[in-house]
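J.:
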Amino acid sequence: MFRRSLRVRFRQFEMDESTGELRKDGIKVRLQEQPLQILQILLEHPGELVAREELRKRVWPTDTFVDFDHGINNAIKRLREALGDTTETPRFIETLPRRGYRFVERVESEEDSLQSLAVLPLENLSGDPEQEYFADGLTDSLITQLARVSALRVISRTTAMHYKRIHRPLPEIAGELGVSKIVEGTVQRSGGRVRVCAQLVEASTDTHLWADSFERDLRDVLSLQSELARAIVKEVQVKLTPQEQANLARAKRVDPEAYDAYLKGRYYFYQRRGDALRKGVQCFEHAIDKDPTYAAAYAGLADCLSLLGWWAFVPPAEGCGKAKGVALKALLLDESLGEAHASLAWATVHYDYDFAVTEREYRKCIELSPRYATGHQWFGLYLTMVGRPEEGFETLKTAIRLDPFVPIINACLAMGYWFARKRDEHIEQLEKTIELDPNFAPAHWGLGIGYLEKGMHDPAIAEMQKSVQLSQRAPIFVALLGEAYAVAGRREDAQKILDELKETAKQRYVTPYILARIYAALNEKDTAFHLLETAYRDHAAWTAFMKSDPRVDNLRSDPRFGDLLRRMKFPE
């Protein structure tokens with residue numbers, strides 16, 4: 009599951025799937041979107057016939073009103089021109105008349121040349137369970153630094169954490185992860201000092217290649233991390249670009265209290281629950297108070313605020329609205345921080361509906377941090393919600409390849425299928441997500457809405473009720489249950505939910521967008537449009553989904569709906 013490459017090479021060309029860029033001898037080749045998409049599809053199946061019908065489905069969807077034969081012939085012509093190829097003597101693309109095309113040149117994936125490794129969770133030797141966040145945080149930071157080296161394939165934090173406190177033979181673990189080398193070690197924090205012992209193991213033979221220890225004052229822990237990462241890179245013998253050398257050499261001193269608060273913030277952020285996200289905000293704000301130049305802490309704060317806003321735990325201005333300014337501050341301090349570009353993109357689309365800036369920032373994130381799974385996840389969801397489903401699916405699948413065990417990433421692929429009205433794929437993907445975490449509330453909501461689309465009202469409501477229970481009756485999940493009642497024709501139950509939400513709104517935020525969906529399901533269209541206008545004006549959670557959201561399909565024929573989409577300036 010970890011083997012699919014993000015880059016493939018053929019002759020002097022390199023195709024980067026994560027950024028959608030084609031380069032020749034390192035120089036970007038300008039190519040229109042459709043020829044580029046065709047190339048990506050052909051490279052997925054080197055040496056195999058790709059039927060014209062498959063290209064039509066993936067590049068020219070059914071709602072595209074163009075002459076398909078003219079479109080594909082022109083796109084293939086443009087692609088051949090960019091590659092310096094010809095129809096008569098093809099070096100790259102062979103035409104099989106009336107059938108399709110075949111990529112005939114040898115394709116080399118980045119896996120053929122990349123060193124692959126996993127960093128297993130560093131063991132906490134302090135004897136204090138309260139210090140687990142510190143050991144986990146150092147593991148996370150080391151993985152992040154190594155993952156920025158383009159010649160390395162590094163297993164993600166979430167996947168690596170599955171092996172915490174699991175004592176199994178390293179060759180067995182390496183086989184499961186598809187890596188050749190493993191880093192393992194210990195961390196001990198005592199007073200104002202931190203000591204890390206690490207070793208590099210050739211996994212197939214369980215041979216120790218290198219071991220060393222690093223000890224620093226806590227305020228020099230970032231320098232310790234960089235030195236450790238440089239030592240590992242040296243031992244695996246990969247070549248660094250000048251920028252990567254500079255990144256690994258750059259390590260400023262950090263206030264120990266700020267660093268400690270930052271690690272706690274990341275610990276809470278990864279839990280993704282409302283209460284944990286609030287604790288994450290407190291930790292990141294404390295880190296920033298202690299060190300106002302700590303760019304990573306601003307990025308972490310932006311992510312916590314954005315997710316609190318998106319799940320409607322806080323009003324929009326306190327969530328994505330505030331997150332946007334915080335992300336901009338992070339980039340002012342360090343514009344090379346890919347994660348902060350993703351933070352800015354997420355906050356921008358959900359608060360400002362600025363789609364051009366959003367796409368630019370997501371692409372910048374992926375350029376800087378091509379193995380940052382959350383960047384691919386958020387960008388993929390964005391692509392599906394603005395009506396580019398095939399691009400979105402591929403980007404979301406890239407996120408899953410990078411971090412396969414994260415429930416929310418898997419659930420976002422399901423959400424993309426839902427936006428595209430792919431009901432069976434939507435349900436199948438959510439069933440996989442629930443296998444990963446049976447207590448993940450969004451997956452049960454998603455499965456419920458999938459059942460609703462198929463008219464399976466009783467199992468749909470059962471799943472929705474479970475999501476309400478698992479979320480501790482968070483307002484957005486309560487509202488979604490109310491919508492399910494309305495779709496199922498249980499008007500009285502839907503009205504009870506609406507009454508409950510009106511009371512809840514006196515104490516905490518309730519997004520008008522989901523209320524509008526309830527009234528749409530009740531066929532009370534005037535009230536639904538009034539609430540959609542409120543949602544648009546207030547930058548409410550989930551409003552940016554309006555273009556593709558199936559739950560507002562019964563409003564689309566009304567001129568008010570088209571007018572609202574035009575004012576939001578969705579891309580065509």
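The working numbering puts the first residue of the sequence shown at 9, with every later residue one more than the last.
Note that beta-carbon positions come from the ideal geometry of N, C-alpha and C, so glycine has one too.
Classify L208 as helix, strand or coil using the three-state DSSP reduction.
T.: If DSSP states are grouped into helix, strand and coil, L208 belongs with the strands.
J.: Under 7 Å, do Q45 and K32 count as touching if we go by C-beta distance?
T.: No.
J.: Mind reading off the beta-carbon distance from A239 to D220? Whole number of angstroms is fine, and I expect it under 8 Å.
T.: That belief holds up - the Cβ atoms of A239 and D220 are roughly 6 Å apart, short of 8 Å.
J.: Expressed to the nearest angstrom, what Euclidean distance is found between the alpha-carbon atoms of T441 and E96?
T.: Straight-line Cα distance between these residues: approximately 48 Å.
J.: Determine the burial state of S198: buried for a count of at least 16 other Cβ atoms within 10 Å of its Cβ, exposed for fewer.
T.: Label assigned to S198: exposed.
J.: Indicate whether the contact test is met: 3 or more Cβ pairs, each with one atom in the segment 132-146 and one in the segment 253-260, closer than 8 Å.
T.: Counting Cβ pairs under 8 Å, fewer than three are found: no touch.
J.: Can you give me the start and stop residues for the alpha helix (DSSP H) that D445 sits inside?
T.: No alpha helix (DSSP H) contains D445, which DSSP labels as neither H nor E.
J.: Based on Cα-Cα distance, which residue from K577, L478, S149, T166 lies nearest to A364?
T.: A364 has its Cα closest to that of K577, out of K577, L478, S149, T166.
J.: Report yes if the C-beta distance between A237 and Q123 is below 7 Å; otherwise report no.
T.: Cβ distance not < 7 Å, so A237 and Q123 don't count as in contact.
J.: Taking the beta carbon of S565 as the centre, do at least 16 other beta carbons fall within 10 Å, making it buried, or is it exposed?
T.: Exposed, because fewer than 16 other Cβ atoms sit within 10 Å of the Cβ of S565.
J.: Write down every uninterrupted run of the beta strand (DSSP E) in the segment 246-295 whose length is 3 residues or greater and which is fully enclosed by it, in chain order.
T.: For the segment 246-295, not a single whole beta strand (DSSP E) run of length 3 or above is found.
J.: Residues in the same chain with beta-carbon distance under 6 Å from F569, minus the five sequence neighbours each way, listed in chain order, please.
T.: The answer, listed in chain order, is L563.
J.: Span of the alpha helix (DSSP H) holding A496?
T.: It is not in any alpha helix (DSSP H) - A496 carries neither H nor E in the DSSP assignment.
J.: Does DSSP put A59 in a helix, a strand or coil?
T.: Note: A59 maps to strand in three-state DSSP.
J.: Name the one or two DSSP bridge partners that G108 has.
T.: BP columns for G108 point to A59, L104.
J.: In angstroms, rounded to a whole number, what distance separates the CA positions of F73 and L146?
T.: In this prediction, F73 has a pLDDT of 49, which is less than 50 and means its spatial position is unreliable; nothing more can be read from the coordinates.
J.: Spatial neighbours of E369 within its chain, please: CB distance less than 8 Å, with the 5 preceding and 5 following residues excluded, ordered by chain position.
T.: Excluding sequence neighbours, E369 sits near H349, A350, L352, A353, T356.
J.: Please identify the residue among V202, R203, S212, I174 whose C-alpha is closest to the C-alpha of I190.
T.: Nearest of V202, R203, S212, I174 to I190, Cα basis: S212.
J.: Note the first and the last residue of the continuous alpha helix (DSSP H) segment covering H358.
T.: Taken as a continuous stretch (DSSP letters only), the alpha helix (DSSP H) holding H358 covers 346-359.
J.: Cα separation between F111 and W550?
T.: About 41 Å.
J.: From this set, F142, R161, G456, K474, which residue's C-alpha is nearest Y267's C-alpha?
T.: Of F142, R161, G456, K474, the residue nearest in Cα terms is F142.
J.: R99 to V486, Cα distance in whole Å?
T.: Whole-angstrom Cα-Cα distance: 59 Å.
J.: Considering only C-alpha positions, which residue in the set D362, A320, S344 is nearest to K332?
T.: Here the closest residue by C-alpha is D362.
J.: Do G490 and I526 have their beta-carbon atoms positioned less than 7 Å apart in this structure?
T.: Yes; because the gap between Cβ atoms is below 7 Å, this pair is in contact.
J.: Figure out for me which residue from G317, R396, Y171 has the closest Cα to the Cα of H358.
T.: Comparing Cα-Cα distances from H358 to each of G317, R396, Y171, the minimum goes to G317.
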